[in-house]
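Taken in order, these protein sequences are the chains called F and Z. For the first sequence, position 134 (counting from the first letter as 1) is numbered 134 according to my numbering, and the numbering increases by one without interruption. So my numbering is basically just the index in the second sequence, starting at one, shifted up by 341. Glycine included, each C-beta is placed from N, C-alpha and C at the ideal position. Small disclaimer: the values here were computed from a predicted structure and weren't measured. Heads up, the thing below is written out as structure tokens.
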Amino acid sequence: MKHNFLLASMALAATAALGISNASAVDPSKTLLINDAGGQWVEAVAKCIDEPFFQKTGIKVTHEVPGGIAKLLAMVESGKITGALFDGETGEIEQAKAKGLLKKIDWAKINPEPMFDEAKQEYAMGTSFYSTIMAWRSDAKAPGNFVEFFDTVNFPGKRALPNYPGFILPFAALGDGVPVDQLFPLDLDRAFKTLDRIKDDTIWWEAGAQAPQLLQDNEAQYAISWSGRVAGKEGVTISFNQGMLDMSWFMMPKGADPAEMEAAWLWLHEHTVKANQACVAQYISYPGPSPELDPLLPQDRLGEFPTYSENKKVQWLTDAKWWFDNVDTVQKRWEEYKLQQ
Amino acid sequence: MTLASPTASGPARPVARRWSFTRPTEVTRILPLFILVVLCFDVPLLVALGWSVRDPKGPDPTLRHYIDFTTSPIYLPVVWRTIELAAIVTGFCAILGYPLALWITRLSAGRQLVAIGLVIIPFWISILVRTYAWIVILGNAGVVNRTLKELGLIEKSIPFLYNELGVAIGMVNVLLPFMVLPIYAAMLRVDSRLLHVAATLGASSFSIFWRVFFPITLPALSATMALVFILSLGFYITPAILGGGKVPLIANMMDMFINRLPRWELASAVAMTLLLVTLLLYAGYQWLRSRTPA
Numbered sequence: 001m002k003h004n005f006l007l008a009s010m011a012l013a014a015t016a017a018l019g020i021s022n023a024s025a026v027d028p029s030k031t032l033l034i035n036d037a038g039g040q041w042v043e044a045v046a047k048c049i050d051e052p053f054f055q056k057t058g059i060k061v062t063h064e065v066p067g068g069i070a071k072l073l074a075m076v077e078s079g080k081i082t083g084a085l086f087d088g089e090t091g092e093i094e095q096a097k098a099k100g101l102l103k104k105i106d107w108a109k110i111n112p113e114p115m116f117d118e119a120k121q122e123y124a125m126g127t128s129f130y131s132t133i134m135a136w137r138s139d140a141k142a143p144g145n146f147v148e149f150f151d152t153v154n155f156p157g158k159r160a161l162p163n164y165p166g167f168i169l170p171f172a173a174l175g176d177g178v179p180v181d182q183l184f185p186l187d188l189d190r191a192f193k194t195l196d197r198i199k200d201d202t203i204w205w206e207a208g209a210q211a212p213q214l215l216q217d218n219e220a221q222y223a224i225s226w227s228g229r230v231a232g233k234e235g236v237t238i239s240f241n242q243g244m245l246d247m248s249w250f251m252m253p254k255g256a257d258p259a260e261m262e263a264a265w266l267w268l269h270e271h272t273v274k275a276n277q278a279c280v281a282q283y284i285s286y287p288g289p290s291p292e293l294d295p296l297l298p299q300d301r302l303g304e305f306p307t308y309s310e311n312k313k314v315q316w317l318t319d320a321k322w323w324f325d326n327v328d329t330v331q332k333r334w335e336e337y338k339l340q341q
Numbered sequence: 342m343t344l345a346s347p348t349a350s351g352p353a354r355p356v357a358r359r360w361s362f363t364r365p366t367e368v369t370r371i372l373p374l375f376i377l378v379v380l381c382f383d384v385p386l387l388v389a390l391g392w393s394v395r396d397p398k399g400p401d402p403t404l405r406h407y408i409d410f411t412t413s414p415i416y417l418p419v420v421w422r423t424i425e426l427a428a429i430v431t432g433f434c435a436i437l438g439y440p441l442a443l444w445i446t447r448l449s450a451g452r453q454l455v456a457i458g459l460v461i462i463p464f465w466i467s468i469l470v471r472t473y474a475w476i477v478i479l480g481n482a483g484v485v486n487r488t489l490k491e492l493g494l495i496e497k498s499i500p501f502l503y504n505e506l507g508v509a510i511g512m513v514n515v516l517l518p519f520m521v522l523p524i525y526a527a528m529l530r531v532d533s534r535l536l537h538v539a540a541t542l543g544a545s546s547f548s549i550f551w552r553v554f555f556p557i558t559l560p561a562l563s564a565t566m567a568l569v570f571i572l573s574l575g576f577y578i579t580p581a582i583l584g585g586g587k588v589p590l591i592a593n594m595m596d597m598f599i600n601r602l603p604r605w606e607l608a609s610a611v612a613m614t615l616l617l618v619t620l621l622l623y624a625g626y627q628w629l630r631s632r633t634p635a
């Protein structure tokens with residue numbers, strides 16, 4: 001403790017002595033620690049971005065599991081932040097922002113190549129797109145939209161549904177006939193009405209891998225699933241129609257090491273390069289934010305990609321602000337519904 | 342059990358030397374484990390205790406989370422459901438486990454080894470795999486339902502899973518070895534001369550069992566039931582998968598408080614309450630065990 005304090009005050013004194021007030025005067029560090037959820041996408045990023053990035057800049061990137069706002073909060077409480085970037089879901093950006101944990105994204109320093117506007121936020125950069133979509137066994141009757149999807153009379157069978165309010169309630173509202181363009185503010189009563197109606201035919205899934213498994217085992221005939229999990233699975237048909245398009249983000253915490261922050265901007269720039277995104281897309285169908293990616297994607301699997309122009313235009317984006325503003329109500333209703341069933 | 346009795350006959354043991362040599366090594370031997378347990382278990386537990394009385398809006402400790410938890414019309418039913426299910430599971434484990442253990446003790450030595458092996462093998466298989474295996478067997482498109490359909494006995498699949506029945510089946514499956522092994526060990530310790538005496542005195546095999554054998558093994562049975570009951574209070578994976586997300590138990594509720602809603606204070610209060618209940622049950626278990634003949 002004492003030692004740390006001493007170091008910190010020395011560092012502070014040194015900083016003051018050098019008169020460093022402008023962060024840009026700091027050279028990028030030679031190492032960059034990133035907190036994220038790990039998994040297939042990060043493995044692909046390690047191959048397609050981290051490796052060439054190291055060749056080019058000499059900056060060694062390491063990833064630490066997990067990321068997310070919970071870890072960031074714990075770090076802020078303990079007073080020591082390691083890592084210049086944290087991954088996060090859409091909803092987490094608003095939370096982290098409200099708690100004042102985030103540094104603004106320095107778009108000038110990232111100097112991005114062309115990217116979708118929705119991926120470019122003040123406090124976060126969207127680096128991979130994913131969708132939540134309907135999927136069904138190819139031998140079951142195909143639903144055309146979510147009203148049909150939730151119609152257990154004309155489309156009999158079990159439904160495997162995500163056990164996450166943000167990923168099910170909007171679809172349940174669509175299932176009660178709410179039009180897509182009036183989805184937000186979300187009508188919770190209508191959403192829960194749908195869930196109540198099909199209760200006996202519901203199997204809730206927790207882990208993303210469960211949805212395709214339940215379909216392939218014929219335990220469920222219909223599922224709402226993350227696109228990357230069901231796309232290209234044998235015996236499973238998917239549709240992006242009325243699907244929810246979303247992104248995984250990177251956020252920068254206040255209080256990270258300034259030199260590492262500089263390295264982080266350079267690394268984020270690599271994410272906007274479409275060749276890099278195409279490389280990642282070979283391994284996992286969660287594409288990056290370039291609007292010019294379609295020609296570089298594997299053409300025989302174009303239909304599996306959330307940002308493929310034909311898929312992108314039939315989907316909607318969630319309203320992170322609404323979720324943030326209504327978090328207490330949603331949580332209360334969800335908790336009641338789930339624990340009382 | 343007459344260790345180190347001062348009046349024991351025979352040459353005096355080099356007590357002093359043993360002390361000076363063994364004691365420091367014993368301490369150093371357990372020291373790493375002790376530090377590990379304190380750092381990785383006890384300290385976090387105390388932190389959780391701190392969380393459970395923490396007021397997010399002020400510096401003073403509060404009992405609000407405990408009051409929230411115990412007065413809520415939503416949380417308490419989950420606790421009752423957990424207790425009810427734990428009781429059912431414990432009951433079924435006893436009904437299945439006791440006769441099984443008894444049957445094993447009557448086998449030849451070689452067969453006993455095989456039978457115990459068969460009981461233990463599931464221990465080595467991941468609980469996740471065992472849980473999913475039930476979907477293959479009892480699922481809507483599982484072996485049982487498909488067979489019944491092909492035999493023309495049913496039209497629609499019988500819903501074995503994705504309800505409380507499914508959770509109970511999965512839990513009994515996981516907990517059965519915990520029931521069988523201690524009872525089996527206790528049965529082996531029963532002095533067979535007592536049974537012979539009863540037989541010599543003309544007791545029927547039924548009364549030998551009910552009036553001699555069962556009462557001797559009863560303390561072991563009740564202690565083991567207490568143990569199984571404690572274990573079944575903390576199930577998470579089984580209700581999540583075999584309950585189809587529709588049978589939330591205490592652990593699933595805590596998962597919701599920790600991972601879904603940032604309500605760690607409430608989760609800690611639930612955890613502390615569960616810990617207290619478990620400790621009380623454990624005290625009961627130890628008491629029952631102390632009554633088990635050695």
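Taking a C-beta distance under 7 angstroms as the contact criterion, Z:V508 and Z:V588 qualify as a contact pair. The beta carbon of Z:S563 sits closer than 8 angstroms to the beta carbons of L629 from its chain, once the five residues preceding and following it are set aside; these are given in chain order. Contact of F:N218 with chain Z is assigned, a C-beta pair being separated by under 7 angstroms. Assigned with DSSP and collapsed to three states, F:S309 falls in helix. By a beta-carbon distance limit of 8 angstroms, F:P52 does not contact F:A263. Their separation comes to about 15 angstroms. For Z:I499, the closest of Z:N514, Z:E491, Z:G480 and Z:L517 by C-alpha to C-alpha distance is Z:G480. If you keep only unbroken alpha helix (DSSP H) runs of at least 4 residues inside the stretch 458-506 of chain Z, you get 468-479 and 484-491.
A contact between stretches requires three or more CB pairs, one per stretch, nearer than 8 angstroms, and the stretch 81-93 of chain F meets this requirement with the stretch 237-252 of chain F.
The residue among F:A278, F:K254 and F:K332 with its C-alpha nearest the C-alpha of F:D106 is F:K254. Z:T541 carries a helical assignment under DSSP once its states are collapsed to helix, strand and coil.
For F:R159, the three-state secondary structure derived from DSSP is strand. Rounded to whole angstroms, the gap between the alpha carbons of F:A207 and Z:L443 is 41 angstroms.
Among the bridge pairs identified by DSSP, F:V61 is matched with F:L32.
Within chain F, the C-beta atoms nearer than 7 angstroms to that of Z:A482 come from D217, N218 and E219, in chain order. Minimum Cα-Cα distance from Z:R422 among the listed residues Z:P580, Z:R601 and Z:T619 corresponds to Z:P580.
Contact residues of the stretch 143-162 of chain F toward chain Z are K158 (C-beta to C-beta distance below 7 angstroms). DSSP places F:M251 in the uninterrupted beta strand (DSSP E) bounded by V236 to P253. A check of alpha carbon separations from F:Q341 across F:Q213, F:V180 and F:F192 identifies F:F192 as the nearest. Proximity of the stretch 193-202 of chain F to the stretch 99-113 of chain F falls short of the contact definition, fewer than three beta-carbon pairs being nearer than 8 angstroms.
DSSP, read as helix, strand or coil, puts F:L102 in strand.
Under the 10 Å beta carbon count, F:Q299 is surrounded by fewer than 16 other beta carbons and is classified as exposed. At a cut-off of 7 angstroms between beta carbons, Z:A612 makes no contact with chain F. For the pair Z:M594 and F:R333, the Cα-to-Cα distance works out to about 14 angstroms. With respect to chain F, the C-beta atom of Z:V384 has no partner C-beta closer than 7 angstroms.
Exposed is the label assigned to Z:E425, since fewer than 16 other Cβ atoms lie within 10 Å of its Cβ.
Judged by DSSP secondary structure, F:F129 falls within the beta strand (DSSP E) whose first and last residues are M125 to R137. In this structure, the CA atom of F:A231 is about 17 angstroms from the CA atom of F:D294.
Residues of chain F whose Cβ lies closer than 8 angstroms to the Cβ of Z:Y525 do not exist, since the nearest Cβ in that chain is about 36 angstroms away. If you ignore the 5 residues before and after Z:A567, its C-beta comes within less than 7 angstroms of the C-beta of L622, G625, Y626 and L629, all in its own chain and listed in chain order.
The Cβ of Z:V388 sits no closer than 7 angstroms to any Cβ of chain F. When only Cα atoms are considered, Z:D401 and Z:R395 end up about 7 angstroms apart.
Contact between the stretch 522-535 of chain Z and the stretch 481-496 of chain Z is absent, with fewer than three C-beta pairs closer than 8 angstroms. By the beta-carbon neighbour count (other beta carbons within 10 angstroms, threshold 16), F:D117 is exposed. Residue state for F:T318 is assigned as coil, using DSSP reduced to three classes. Under the three-pair Cβ rule at 8 angstroms, the stretch 540-550 of chain Z does not count as touching the stretch 447-458 of chain Z. Counted as a single uninterrupted DSSP element, the stretch harbouring Z:F598 is not any beta strand (DSSP E), since DSSP gives it neither H nor E.
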